Each structure stands twice: as structure tokens, then as C-alpha cells.
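Residue numbering for the sequence shown follows my numbering, starting at 1 and increasing by one per position.
The beta-carbon is built from N, C-alpha and C at its ideal position, and this holds for glycine as well.
Since this is a predicted model, take the numbers as computed values, not measurements.
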Amino acid sequence: MTFSTGYGLGVVIDGRLYVGATGAAGELAHTVVHLDGPLCACGKRGCLICYTAGLGISRLVRERLDRGEPTLLREWCGPAPDRVTGELVVQAAERGDRAAQEVLAIAGRYFGIGLSSVVQMFNPDRLVIGGGLAHVKRWLVEPGLAALRENIHPVLRDSAEIVYSHLWEDAGVIGAAILAWESKA
């Protein structure tokens with residue numbers, strides 16, 4: 001699982017990456033979770049990415065700024081920033097900013113809902129979580145794991161070991177290199 005600017009996954013079955021019929025397997029971010037939700041860059045409404053990861057966090061903050069909610073982020077980013085980084089939102093949350101804490105709670109919850117979908121669909125023995133936002137345990141990962149437990153079928157609860165990536169932000173580059181190498185073989 002990559003939990004960073006975006007939100008996606010690679011599915012490994014019997015030691016091989018599963019790419020699907022068109023090569024797009026693992027595109028978790030564009031799973032619709034709210035039929036009437038906000039418009040996503042993909043053209044659909046209510047995709048998971050609209051509520052979680054860096055893109056969703058930025059959108060949620062901009063909505064609060066547009067509504068005039070009090071937040072340190074207005075001072076730090078201006079009243080209508082194009083993009084607000086997850087790191088900045090975490091800093092505001094750590095300083096007690098209620099709006100930032102609420103946005104991160106939403107993002108963490110949807111992160112966990114995505115995890116529950118993956119566990120229910122694939123019943124993996126292990127989930128490996130990586131990406132920049134996976135470092136934000138208190139505000140994102142811990143609420144995400146709680147949402148996973150809350151939204152998973154009881155039979156599957158605790159069925160997958162959850163570990164953190166050793167590769168972190170390098171996982172995508174290393175994975176792409178391996179795919180390129182294997183395609184030449």
C-alpha cells in the first residue's frame with residue numbers, strides 16, 4: 001500500500017505482481033465511496049482519493065478555508081492555496097489546530113476503509129504500508145487501522161499481518177525497475 005500524495009497498491013500473488021487485464025490492477029484511489037461526493041480528477045464523483053492521501057487532505061483543507069473556518073493553515077498557506085501539503089496539515093494538528101485534526105481524522109478513516117476493501121477482496125496474509133503519510137502514525141495510520149477493524153468482516157479481522165515498508169518512498173522506483181528488468185527476460 002502506498003499512502004502518500006496518492007493511494008494505491010501492488011498485489012503480489014505467488015511472488016509475482018498482479019497487473020490485471022489492462023495493467024491497472026491496484027488502482028484503489030479511484031474506488032467510489034460516495035456516489036454524490038466531490039468531483040475527482042478522473043471524472044467520477046466520490047473517489048477514495050477525494051477523502052484520503054495528500055490529494056484528499058489538500059481538498060478537505062481548501063474546503064474549510066473556503067468556508068472561513070479558523071485554522072493556522074490560513075495564515076501559513078493563504079486563504080486559497082492551490083495545494084496544501086500533508087506535512088503542513090500535520091504540523092498544524094500537532095499545534096492543536098482543530099480543523100487540521102479533523103481533516104486528518106477523515107483522511108485516516110478513509111485510509112482504513114480502503115484497507116478493509118483490500119483485505120475483504122484479496123484476503124492477503126500481509127499488508128505492507130509505505131509512502132510519506134505512513135510515517136504519520138498518530139493522526140493517520142492509527143485511525144486508519146481502527147477504521148479497518150471497524151469496517152472489516154469479523155471473519156477477516158486480524159487475518160493480515162500489517163507491517164511498514166523498509167523501502168518507504170523508494171518502493172515505486174524499485175518496483176518499476178524490477179518490472180522493466182523482468183519484461184526484458
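Nearest residue (CA-CA) to His-34, options Cys-50, Pro-79, Arg-157: Start at 1 with the first residue of the sequence shown, and residue 34 comes out as number 34. The shortest Cα separation from His-34 among Cys-50, Pro-79, Arg-157 belongs to Cys-50.
Between Gly-215 and the rest of its own chain, which residues show a CB-CB distance below 6 Å, the 5 nearest in sequence each way excluded? Because the chain is modelled from 1 through 185, residue 215 falls outside the range shown and cannot be assessed.
Can you tell me whether Ala-94 is helix, strand or coil according to DSSP? For this step, residue 94 is matched to residue 94 along the sequence shown. With the sequence shown as reference, residue 94 is identified as Glu, and Ala is not the correct amino acid for it. If DSSP states are grouped into helix, strand and coil, Glu-94 belongs with the helices.
Within the chosen definition, does the segment 135-150 reach the segment 85-104 through at least 3 CB pairs nearer than 8 Å? Yes, since at least three Cβ pairs between the segment 135-150 and the segment 85-104 fall closer than 8 Å, the two stretches touch.
For the beta strand (DSSP E) holding Ile-162, just list the boundary residues, first then last. Position 162 of the sequence shown, counted from the start, is the residue given in the question as residue 162. Taken as a continuous stretch (DSSP letters only), the beta strand (DSSP E) holding Ile-162 covers 161-164.
Buried or exposed (CB count within 10 angstroms, at least 16 for buried), Ala-177: Position 177 of the sequence shown, counted from the first residue, corresponds to residue 177. Exposed is the call here.
Taking the C-alpha atoms as reference points, what is the distance between Pro-38 and Arg-157? For this step, residue 38 is matched to residue 38 along the sequence shown. For this step, residue 157 is matched to residue 157 along the sequence shown. Spanning the two alpha carbons is a distance of roughly 31 Å.
Just the C-alpha distance for Leu-167 and Gly-114, rounded to the nearest angstrom, thanks. Your numbering for residue 167 matches position 167 in the sequence shown. Your numbering for residue 114 matches position 114 in the sequence shown. Each residue's CA atom was taken as its position, placing Leu-167 and Gly-114 some 21 Å apart.
Going straight from the alpha carbon of Arg-16 to that of Glu-182, what length do you get? For this step, residue 16 is matched to residue 16 along the sequence shown. For this step, residue 182 is matched to residue 182 along the sequence shown. Within the model, the alpha-carbon separation for Arg-16 versus Glu-182 is close to 10 Å.
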